[in-house]
Every structure is written in structure tokens, then in C-alpha cells.
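Participant:
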Amino acid sequence: MGSSRSWRGWHGVPNSDYTRVQGRESTLTVDSKDARGQKCDGKGVIMDRVRIGVIGTGGIVQAVHIPQMLAHGRVDFAWCADSDAATAAKASTLAHAPVSGTDYRALLRDHPVDAVTIGTPHVAHYDAVMAALEAGVHVCCEKPLAMNVAEAEAMVNEAARRGVITFVPFSYWFVPAARLMKELIDDGALGQLTHINGYYGQGFGLTDMPMRWRFQRAIAGSGALGDLGSHLISLTYLWGGKIRRLTAHTKTFVHERRVEGTDQMAPVDVDDDVQVIGELESGALINLSASRTYAGRGNFQRVEVSGFKGGAVYNNSHSDELEVCLGDAWVSRNQWGTLKVQPKHRVTQMQVFPNAILEGRAPADVLPNFQIGLEVQRVMEAIEESASSGQWVNL
Ligand SMILES: NC(=O)c1ccc[n+]([C@@H]2O[C@H](COP(=O)([O-])OP(=O)(O)OC[C@H]3O[C@@H](n4cnc5c(N)ncnc54)[C@H](O)[C@@H]3O)[C@@H](O)[C@H]2O)c1
Numbered sequence: 231m232g233s234s235r236s237w238r239g240w241h242g243v244p245n246s247d248y249t250r251v252q253g254r255e256s257t258l259t260v261d262s263k264d265a266r267g268q269k270c271d272g273k274g275v276i277m278d279r280v281r282i283g284v285i286g287t288g289g290i291v292q293a294v295h296i297p298q299m300l301a302h303g304r305v306d307f308a309w310c311a312d313s314d315a316a317t318a319a320k321a322s323t324l325a326h327a328p329v330s331g332t333d334y335r336a337l338l339r340d341h342p343v344d345a346v347t348i349g350t351p352h353v354a355h356y357d358a359v360m361a362a363l364e365a366g367v368h369v370c371c372e373k374p375l376a377m378n379v380a381e382a383e384a385m386v387n388e389a390a391r392r393g394v395i396t397f398v399p400f401s402y403w404f405v406p407a408a409r410l411m412k413e414l415i416d417d418g419a420l421g422q423l424t425h426i427n428g429y430y431g432q433g434f435g436l437t438d439m440p441m442r443w444r445f446q447r448a449i450a451g452s453g454a455l456g457d458l459g460s461h462l463i464s465l466t467y468l469w470g471g472k473i474r475r476l477t478a479h480t481k482t483f484v485h486e487r488r489v490e491g492t493d494q495m496a497p498v499d500v501d502d503d504v505q506v507i508g509e510l511e512s513g514a515l516i517n518l519s520a521s522r523t524y525a526g527r528g529n530f531q532r533v534e535v536s537g538f539k540g541g542a543v544y545n546n547s548h549s550d551e552l553e554v555c556l557g558d559a560w561v562s563r564n565q566w567g568t569l570k571v572q573p574k575h576r577v578t579q580m581q582v583f584p585n586a587i588l589e590g591r592a593p594a595d596v597l598p599n600f601q602i603g604l605e606v607q608r609v610m611e612a613i614e615e616s617a618s619s620g621q622w623v624n625l
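With my numbering applied, the sequence shown covers 231 to 625.
1) Enumerate in chain order the residues of its own chain whose CB-to-CB distance from isoleucine 587 is below 8 Å, with the five nearest sequence positions on each side excluded.
2) What is the DSSP secondary structure of tryptophan 309, counted as helix, strand or coil?
3) Could you round the C-beta distance between alanine 419 and valine 571 to whole angstroms and report it? I think they count as a contact, below 8 Å.
4) At the level of alpha carbons, what is the spacing between threonine 437 and aspartate 314?
5) Between asparagine 188 and glutamine 579, what straight-line distance do the alpha-carbon atoms span, to the nearest angstrom?
6) Look up aspartate 503 in the DSSP assignment and say whether it is helix, strand or coil.
7) Measuring alpha carbon to alpha carbon, tell me which residue in Ala319, Val500, Val379, Arg474 is nearest glutamate 486.
8) For the candidate residues Tyr467, His425, Ile282, whose alpha-carbon lies nearest to that of arginine 409?
9) Nearest CA to the CA of glutamate 614: which residue from Thr424, Gly537, Leu552, Ser460?
10) What does a CB cutoff of less than 6 Å around tyrosine 402 pick up in its chain, not counting 5 residues either side in sequence?
11) Under 7 Å: does the beta carbon of glutamate 372 sit that close to some heavy atom of ligand 1?
12) Does the Cβ-Cβ distance between threonine 424 and serine 330 come in under 8 Å?
13) Let me have the residue list for ligand 1: C-beta closer than 5 Å to any non-hydrogen atom, ordered along the chain.
14) For the alpha helix (DSSP H) that arginine 447 lies in, which residues bound it at each end?
15) What are the start and end residues of each continuous alpha helix (DSSP H) run of 4 or more residues lying completely inside the region 434-503, in chain order?
16) Have a look at Gly286, Arg444, Ala325, Asp493 and flag the residue whose alpha-carbon is nearest the alpha-carbon of alanine 305.
17) Spatial neighbours of glycine 428 within its chain, please: C-beta separation below 6 Å, excluding the five flanking residues on both sides.
18) Could you tell me the alpha carbon to alpha carbon distance between methionine 439 and glutamine 432, rounded to whole angstroms?
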């Protein structure tokens, strides 16, 4: 892990800087880089705005991708594509996009864009990503990146071949408290890490919610593992680095759900719950639990990170602070206090992607990118392997 100064390279521009970037002159000349990182010839006007196409325009895209990118001020949505025409049309209205449709390949061909953002169910990520890469555009694709490691590797390789910027919205990297945690760890405030103990609980699995794609392996790939566990794995990576070995257990509590609008029941063939014990390459131990069957939990995360010099607790319900016990005076007395985030820790997730394009950043510096998506996918696959074999798995 690098020093805290690596934030700028890892996550785009902190908000304090972001204001300045937004207000800059749009005509850049000598030695500037264009949106693909190519040098300008000193005469041209480089990209001042980003044209974005959207593929899969349901819940998260309408709630997060479109509003956050609209608020950016230098993003224009060219079109919205969804397999459901009405959903695409609704999203187009929200995004002020002039075109909507059901065939994203035709839209990519007929209405050129600089980038796409993808929010389909997991099984459709691969085809959408590859179509976008084939068109040579920058790609943001929701988590988990793929259905398996092989798909994720192919995406990483093709994106590298094309030299485009990629982005995977592991949203909790952008919780201010998570960024403060990263800074403390990089600064050595916790010392050498000993534990990352994380819990991510939702409760919708306990309800009589009818069958949805999230309960079907063929569409979702996995259940709580990909939906929630991928976030915990990504936070573990952010704070502690790679996992060396793990053992895992998964469980399904609710085995069938009603097919909406009928009396028929359909089988649930994904996990409701996943538990992981493991060890990082650094030697720190991890203990992760992600579940859709925690009663009374909407979207709750708590991760305690402990090291030789102190501890810190991240809780997404208190996104602007960490509970900390840092330094001898506090550790020796088992005393905990509250550390508040600063303005530099506030970065809007879906503005990092267009900022990176506008600034011509190197793809490797824009994080979390497809490479991180692949790292998470490897851990997910190891978890499934361990859950099925009952054995420890080395990564
Ligand atoms: N980062 C986060 O915190 C976060 C939160 C929620 C969801 N997600 C992820 O976002 C993605 C979408 O989740 P959601 O909850 O918005 O799902 P959703 O079901 O609300 O939306 C998915 C949309 O994709 C459309 N679609 C399906 N197949 C398609 C295809 N082949 N081509 C084009 N459109 C297609 C559907 O019609 C639907 O409108 C998933 O990867 C999910 O894991 C991430």
C-alpha cells in the first residue's frame, strides 16, 4: 500500500480539487493529453465534455449513475439502452438523453459516444462490456464485474489492448469514512494490520419478496456473495491488500420464491449468506460475513480493522466518522473516540469516471478499475470453491 498521497492517483480528484477542475479553461493546448491519453498537437481543443451511453437502466443506474453524472456538469447522455423499452425511455427522460432503445449494439454504432456505463444484471455484463470495448470507448461496469474469473480476465485483457479507462463502482470505497480508514492505514496509524473483521447485513432475503434475478444463479452468478460480499472483499482489498488463503461457508435459508403474478413457486439456487475466514498476503487475518437474511437490517456494514498500534471501526451508518483507538495513551487504556472525516475524503463515485476521461488519466491510475474487479472475482471464485469442497483454498 502506498502513502496517503496515492489517493489522488487512486480515486480521481478530491472534491476540493474537483471545483477547481470544473472551473478550468476548456481549451488546452501545448503538451496536453486528450481523453485517450494521447498528446495534443498544440492546436486542437481537447474534449470539454463527455458523451455517455447507458446500458441497462434499472435501479442503480437511475438512482446513482445518472443523477451523479448529471450533477457533474460536463457529461452529456447520448442514449439509454435497456432490454425493456419503457425502462430505457424513462431513463432517457431522467438523463436528458435524446435517444433510447433496446439494442445497445445499434446505438453504439449509430450514436457514437466516448464512454458507456453498464448496469445490467451480472450475466449481461460480459457482452455489454465487450461490445463497448469493440467500439473503443471507456467503460464503467457495475459490480461484480463478471460471472466468473475467465470472463473478468477477458475483459481486463481487452480493455488493456484498447487502452481505455475502466471503472467498477465499488461504492463503499467512496464512503468518506472508508477513505479516512485507508488514509490512517497508509499513514501507519494502526501499525502492521492484524485483523479485518467485516460484516455486511441486509434483510430482504427474509421477506416474501417474489422471485427476482438476484435469486437465480444463471443470471446473478451467486447470491449474497456477489451482491454484498463483493463489496466487503473490495473494502478488504482497499485496506489490507490481497487475500492469500481462505475457507468459506455459504447457506441458503429460503429455498423457493413465488413467481410474481402466479401461484407457482420457483427454486432459489444462490446463497443467502456467506461466511469467510482467511489470511491476507500481509499476514493479517480476515473474518467476513455477508448476508441477506439479517433481521431488521436494510443496508448495514461494520468493519473493524486492527493493528499493532491501534484499531478503527468503519460503520456505513456513520459515514462521516470512524470509531478509533490510536496510539499508546488510548490503546493501553482500551479507550475509543471518534475521528471525523475532512472535505478531502468526499469524492462522488460516478464523477471519478468522467473526470478521469476528461483529464486523460492513465487507466491503471483510475481505481477501482477492471483489474480490481478481477481481483474481487478471483476471491469470489475461491470462496465458492471452498464452500463447495469444504477445504482451504490458496489464491
Ligand atoms: N454499486 C452498488 O452499490 C450497487 C447497488 C445495486 C446494484 N448494483 C449492481 O448494478 C447492477 C444492476 O442492478 P440493479 O439493482 O440496478 O438491477 P435492475 O434489475 O434494477 O436493473 C437492471 C436493468 O438491466 C436491464 N437489462 C437486463 N438485461 C439486459 C441486457 N441484456 N441489455 C440491456 N439491459 C438489460 C433490465 O431490464 C433492468 O432495467 C448489478 O450488477 C448490481 O449488482 C450495484
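Positions of the beta carbon are idealized from the N, C-alpha and C atoms, including for glycine.
Just so it is clear, the structure is predicted and the values come from calculations on it, not from any experiment.
Facilitator: According to the structure shown:
1) Ala265, Met277, Val280, Asp344, Ala345, His368, Ile395
2) strand
3) Not a contact, Cβ separation roughly 14 Å.
4) 26 Å
5) Examination of residue 188 is not possible in this model, given that the chain is present from 231 through 625 alone.
6) strand
7) Val500
8) Tyr467
9) Ser460
10) Ala408, His461, Leu465
11) yes
12) no
13) Gly286, Gly288, Gly289, Ile290, Asp312, Ser313, Asp314, Thr317, Gly349, Thr350, Ala354, Glu372, Pro399, Ser401
14) 447-450
15) 447-450, 460-470
16) Note on residue identity: the sequence assigns valine, not alanine, to residue 305. Of the candidates Gly286, Arg444, Ala325, Asp493, the one whose C-alpha sits nearest the C-alpha of valine 305 is Ala325.
17) Leu462, Leu518, Val533
18) 13 Å
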